[in-house]
Amino acid sequence: MSNAHGAVELEVDQITHETSDAISLSFVVPEHRTAQFAYRPGQFLTLEIPCTDGGSVARCYSFSSSPVRDPRPTVTVKRIEDGLASHWLHDNVVRGMRLNALPPSGMFGPENWDSDFVLMAAGSGITPMLSIIKTALFRHDNRMTLVYANQNRESVIFAEQLSELQARFPDRLDVHHWFASDSGLPTAAGLATMDVMVPVDYEAFLCGPTQYMNVAEEWLALTGTTARRTHREVFSSFDSNPFRIDDAALPHESDGKSVTAQVEIDGIETEFAWNADTKLLDRLLELGLDAPYVCREGTCGGCAYTLTEGTVTMLANETLDQHEMAHGVRLACQSVPVSATIRAVFDR
Ligand SMILES: Cc1cc2nc3c(=O)[nH]c(=O)nc-3n(C[C@H](O)[C@H](O)[C@H](O)COP(=O)(O)OP(=O)(O)OC[C@H]3O[C@@H](n4cnc5c(N)ncnc54)[C@H](O)[C@@H]3O)c2cc1C
Ligand code: FES
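The opening position of the sequence shown corresponds to residue 9 in the working numbering, with each subsequent residue numbered one higher.
The following block contains the structure:
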């Protein structure tokens with residue numbers, strides 16, 4: 009059952025205890041799968057985690073490693089109170105264990121490395137930021153400001169790495185910590201009291217609880233600056249399980265109006281009829297086409313494609329920003345057709 013769209017067994021190579029409740033897992037990717045598992049900073053890996061009832065759940069973990077700096081792809085998992093998968097990983101993973109994983113996915117992360125970055129992280133939301141920071145410092149020339157909120161000093165993941173990077177690149181990386189134990193939960197007014205220099209022209213990357221990201225945006229507005237683009241990443245668990253093919257492609261019965269779609273996946277174009285009340289991803293899976301996806305809930309960006317002709321409506325979108333929408337990016341798991349003909353390319 010575990011061969012959904014390119015799932016591969018990855019071997020756990022190293023386990024690093026970052027804090028009392030965060031571990032990093034680095035993986036060996038089979039040699040013939042390295043191209044498929046190439047990743048961009050900001051992307052995530054989806055792991056299949058076994059359950060005691062014999063089933064499994066799928067969970068996403070952002071890469072904390074940098075593709076240009078670290079030899080092995082690495083994710084960092086924070087133990088969540090009563091959390092099924094995070095507890096299982098903390099309590100059971102050993103070196104040499106194999107875990108099913110889907111190829112890297114996700115839209116969070118820079119496209120343009122010429123911009124300066126303002127990175128706002130809370131808790132485990134630091135993982136994609138570390139990947140972005142290391143990649144920028146060792147491959148590009150831009151400057152970055154990181155504001156990192158945690159419960160207390162002990163809960164800061166990558167404290168040492170961050171201070172080493174800051175010491176090595178003092179003109180390019182500026183790190184500010186916020187501790188709820190000292191100052192309470194972050195507020196826009198509270199952040200405004202910190203001595204943070206926000207560049208005039210920058211892209212913002214926000215990752216943490218929605219409340220924190222809202223506060224971060226409010227504070228950035230208070231500074232009188234406007235980000236060129238604001239990227240958000242929400243860390244949540246999904247109900248769907250892309251590793252279970254049975255769950256994935258239920259036949260869809262419909263008597264709705266039908267349109268004509270031409271969809272290119274991996275360079276192969278297919279034309280088919282698409283009912284107006286069926287989501288694009290459901291239709292593709294129904295046809296047996298190998299379309300990428302993870303959450304099927306409009307939150308992860310794993311099913312993103314470019315709409316090159318026609319119009320669709322998205323029933324939900326918690327991940328694409330205005331810039332991506334303006335460039336035709338859409339989510340297949342949430343798209344229903346509007347125009348009579350539609351062309352789409354999976355090129356993400
Ligand atoms: C794109 C993406 C990237 C992610 N990257 C990371 C990462 O780098 N590191 C990481 O540790 N996690 C990351 N996550 C979150 C991760 O996928 C799981 O949601 C998390 O490990 C909790 O799963 P669980 O099975 O242990 O908890 P569940 O059994 O799913 O949840 C248990 C309880 O905890 C709550 N809960 C779930 N997630 C969180 C959370 N993140 N914080 C607080 N409460 C929560 C739930 O509401 C529930 O009440 C990411 C999620 C997404 C979508
Ligand atoms: S599969 Fe996650 S947004 Fe569509």
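Backbone N, C-alpha and C define an ideal beta-carbon position, used for all residues, glycine too.
Here the structure is a predicted model, which is why all the values come from computation and not from measurement.
Please state whether DSSP places residue i in a helix, a strand or coil.
i    : result
K86  : strand
E26  : strand
L193 : coil
L199 : helix
H335 : coil
A109 : strand
T3   : Coverage of the chain is limited to positions 9 through 356, which leaves residue 3 absent and any answer about it impossible.
W227 : helix
R240 : strand
Y220 : helix
A15  : coil
R161 : helix
R41  : helix
A66  : strand
A284 : coil
A235 : coil
A46  : coil
A340 : helix
Using DSSP's beta-bridge definition, name the partner residues of residue i.
i    : result
F315 : A small fix is needed here, since residue 315 is Leu in this sequence, not Phe. A352, per the DSSP bridge assignment.
V20  : F35
T278 : V271
T307 : Note: T307 sits in no beta bridge, so no partner.
M137 : According to DSSP, M137 bridges with nothing at all.
A299 : Paired residue(s): none; A299 is not in a bridge.
L328 : According to DSSP, which records beta bridges pairwise, L328 is partnered with nothing at all.
E119 : In the DSSP output, where bridge partners are listed per residue, E119 has none listed.
Y156 : A129 and H185
S266 : N283
F71  : V83
Should residue i go down as buried or exposed, given a rule of 16 or more other Cβ atoms within 10 Å for buried?
i    : result
H335 : exposed
I276 : exposed
L208 : What sits at residue 208 in the sequence shown is Val, not Leu. Under this definition V208 is an exposed residue.
P49  : buried
R176 : exposed
L18  : buried
V102 : exposed
Q51  : buried
L295 : exposed
M202 : exposed
P250 : buried
N11  : Confidence is the limiting factor: at N11 the pLDDT is only 46, short of 50, which leaves the residue's position unreliable, though a coordinate-based value still follows. Burial call: exposed.
G359 : The structure shown does not extend to residue 359, since the chain spans only 9 to 356, so no value can be given for it.
F125 : buried
T60  : exposed
F146 : exposed
Need the endpoints of the alpha helix (DSSP H) that residue i sits in, please.
i    : result
R176 : A167 to R176
R291 : L288 to E294
W96  : L92 to N100
Are the Cβ atoms of residue i and residue j separated by less than 7 Å?
i    : j    : result
G306 : Q330 : no
R291 : V320 : no
G309 : P300 : no
L214 : M221 : yes
A188 : Q159 : yes
V302 : S113 : yes
S32  : E39  : no
S132 : K86  : yes
V155 : M137 : no
V37  : D21  : no
P194 : A167 : no
V183 : L170 : yes
T82  : S34  : yes
A30  : I134 : no
K142 : R77  : yes
V353 : T316 : yes
Starting from residue i and walking both ways along the beta strand (DSSP E), at which residues does that stretch end?
i    : result
L181 : L181 to F187
Y210 : Y210 to C215
M322 : V320 to M322
S343 : S343 to P345
D124 : D124 to A130
F52  : F52 to P58
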